[in-house]
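Following our numbering, the numbering of the sequence shown begins with 767 at its first residue and continues without gaps. Glycine included, each C-beta is placed from N, C-alpha and C at the ideal position.
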Amino acid sequence: MNTTRYRNILIIKPSALGDIVHALPVLSSLRASFPQARLTWMVRREFAPLLRCAEGLDNIILFDRKQISGWYRSVSGFAALCDARKQLKAGQFDLVLDLQGLLRSALFAWMTGCAERVGMKEARECANLFHTRVVDRPAGTVHLLDYYHAILEQVGAAERLTECALSVPQSDEDSSRQKLRHNGLGSKQFLVLVPGSAHASKCWPPQRFAAAAETLCGQFGWGAAAVGTAGDKPAIEAIRRYSSIPIADLAGQTSIPELIALFQLAGAVISNDTGPGHIALTTRTPTVLVFGPTNPLRLGPYRRPECIAAVEPDKRGYAVKSSNPAYCIGQVSEKMVCDKLLRQLT
């Protein structure tokens, strides 16, 4: 295959935050494989700040899901859809990778007019009808990144990387440092807790977070901070009630770039299986993600078992989730989490 013709490539992966993080190695692989190509990513507006920190990306097309979803109900929604179509068409892409695998993302790929629109065979909602090439999951593989690597192989990418570097503006790093100083926390001398999630089944009990924080901070003489959206404040307050040590509440106080900087400055991170936790993994700060029913070998840290706290993480097969009560997140003890972090820290 003559891949030198790829000069303008579009990645469609609008959401969610953790899923976008999983797809970031596709960006670094494309940049390494096609160094002269212009790389564009279509993403939901609220997640664009993450991509602005990703090295190797040239352009971002913003997708306002709420507005475009109502295109048939309002003039502004229809105008937003027309604007998105105009941007996609104007891109003159010669390769489109639909990594979302839904009807909407496939339609966006089709709107580009690109002759080479690649999607996953596992795509839902009949999305494959709008793809010109469909790639199946490689036999025997579980993790989503292995699937992405198969797609990269199909389009002739010579490099199939597993990481993508994130860098934040100095102003965001300075802002994070100021927040730490305000709470009496020093660089590499604090533990970050990420107790939020969009799904209750992914939320590790607050008393477990508190117990793990007490153990680790007591051993290393660290402070602790909890991060998340403003909606995560009740979970953070619960952790603080259970804890005998002070835990700074930074919920709703950090942008995505500030959050990246905060993880880079941290000594360690304990997180639920949620977007910010997956961001923490990209910083190489010692991190443990706590998994309940979700299969960590499919959607967890790629080939980093030391970062996974879960019951039988390697015995769940190919399913995304399990209904087995043995895998309930409440079955993960604070000792399991602390042991995983201590192996990284000592």
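query = Quick one: what does DSSP say A881 is sitting in, helix, strand or coil?
reply = If DSSP states are grouped into helix, strand and coil, A881 belongs with coil.
query = Okay, do the region 821–836 and the region 937–951 touch, 3+ Cβ pairs below 8 Å being the bar?
reply = These segments do not touch.
key: Whole-number beta carbon distance between L805 and G1130, since they are thought to touch under 8 Å   = No information on residue 1130 is available, as it lies outside the stretch 767 to 1112 that the chain covers here.
request  = Excluding the 5 residues preceding and the 5 following Q920 in the sequence, name in chain order all residues of the same chain whose CB lies nearer than 8 Å to its CB.
outcome  = V884, R899 and V901, listed in sequence order.
message = G1043 and T995 - do their beta-carbons sit closer together than 8 Å?
response = In this structure, G1043 does not lie closer than 8 Å to T995 by Cβ.
query = F800 by DSSP, collapsed to three states: which one?
reply = F800 falls in the coil class under three-state DSSP.
request  = Please look up how many angstroms separate the CB atoms of R851 and M877, rounded, as I've assumed it's under 8 Å.
outcome  = Contact between R851 and M877 holds, with the beta-carbon distance rounding to 5 Å and staying under 8 Å.
ask   = Does the beta-carbon distance from Y1068 to T981 come in below 8 Å?
value = No, the Cβ-Cβ distance between Y1068 and T981 is not below 8 Å.
request  = Kindly identify the DSSP beta-bridge partner or partners of I1002.
outcome  = In the DSSP output, where bridge partners are listed per residue, I1002 has none listed.
query = So what does DSSP say about K954, is it helix, strand or coil?
reply = DSSP places K954 in the coil class of the three-state scheme, outside both helix and strand.
ask   = T1053: buried (16+ other C-beta within 10 angstroms of its C-beta) or exposed?
value = With a threshold of 16 other beta carbon atoms within 10 Å, T1053 meets it and is buried.
key: Option nearest G1018 by Cα separation, candidates V993, I1011, A1027 and G1041   = Comparing Cα-Cα distances from G1018 to each of V993, I1011, A1027 and G1041, the minimum goes to V993.
inquiry  = So, with DSSP's three-state summary, where would you put S871?
reply    = Looking at S871 - three-state DSSP - the assignment turns out to be helix.
task = Spell out a yes or no on whether the region 852–863 and the region 773–793 are touching, meaning 3 or more CB-CB pairs, one atom from each, closer than 8 Å.
result = At 8 Å Cβ cutoff, the stretches touch.
query = With a CB to CB cut of under 6 Å and the five nearest residues on each side skipped, what residues in its chain are close to L1111?
reply = Same-chain partners within the cutoff: P1052.
request  = Count the other CB atoms, across all protein chains shown, that sit within 10 Å of the CB of M767; report buried if there are 16 or more and exposed otherwise.
outcome  = Here the model assigns M767 a pLDDT of 46, short of 50, so the residue's position is not dependable and the matter cannot be decided.
N-terminal and C-terminal residue of the alpha helix (DSSP H) that F975 is part of = Its alpha helix (DSSP H) spans residues P972 to F986.
request  = Would you kindly work out how many angstroms separate the C-alpha atoms of V1098 and K1081, rounded to a whole number?
outcome  = Distance between the alpha carbons of V1098 and K1081 is about 16 Å.
key: Three-state secondary structure (DSSP) of T1040   = In the structure shown, the three-state DSSP call for T1040 is coil.
Cβ contact (3+ pairs, closer than 8 Å) linking the region 929–939 and the region 996–1013 = In short, these stretches do not touch, since the Cβ pair count stays below three.
ask   = Going by the C-beta, is T1060 closer than 7 Å to any heavy atom of the ligand MN?
value = Only the bare structure without any ligand can be found here, which leaves the ligand MN out of the picture.
query = Nearest CA to the CA of A814: which residue from L783, R839, Q833 and Q802?
reply = Taking A814 as reference, the option from L783, R839, Q833 and Q802 with the minimal CA-CA separation is L783.
request  = Go ahead and label Q866 buried or exposed: buried means 16 or more other beta carbons lie within 10 angstroms of its beta carbon, across all protein chains shown.
outcome  = Looking at its Cβ environment, which holds 16 or more other Cβ atoms inside 10 Å, Q866 is buried.
inquiry  = Per DSSP, what are the beta-bridge partners of I917 in this structure?
reply    = As far as DSSP is concerned, I917 takes part in no beta bridge.
ask   = What did DSSP end up calling W807 once you bin it into helix, strand or coil?
value = Reduced to three states, the DSSP call for W807 is strand.
Through-space distance from Q833 to A990, alpha-carbon basis = Cα to Cα, the separation comes out at about 39 Å.
query = Leaving out the 5 sequence neighbours to the left and right, which residues in its chain are closer than 7 Å to A1085 when beta-carbon positions are compared?
reply = Exclusion of the five residues before and after A1085 leaves N1061 as the residues of its chain whose Cβ lies within less than 7 Å of its Cβ.
query = Looking at the structure shown, is G784 part of a helix, part of a strand, or coil, going by DSSP?
reply = It is helical.
ask   = Helix, strand or coil: how does DSSP classify G989 here?
value = When secondary structure is reduced to three states using DSSP, G989 falls in the strand class.
ask   = Should the region 965–983 be called in touch with the region 1014–1030, which here means at least 3 C-beta pairs below 8 Å?
value = With the cut-off at 8 Å, the region 965–983 and the region 1014–1030 do not touch.
message = Here's a check: name, in chain order, each residue in its chain whose Cβ is nearer than 8 Å to the Cβ of L868, leaving out the five neighbours to either side.
response = Within the same chain, L868 has close Cβ partners A889, R890, E891 and A893.
inquiry  = Considering only their Cβ atoms, is the gap separating I1095 from V1056 smaller than 8 Å?
reply    = Judged by beta-carbon spacing, I1095 lies within the 8 Å limit of V1056, meaning their Cβ atoms are closer than that value.
message = Please tell me whether E1033 and Q955 are closer than 8 Å, where the distance is taken between their beta carbons.
response = Looking at the sequence shown, residue 1033 is not Glu but Gly. Against a cut-off of 8 Å, the Cβ pair of Q955 and G1033 comes out as a contact.
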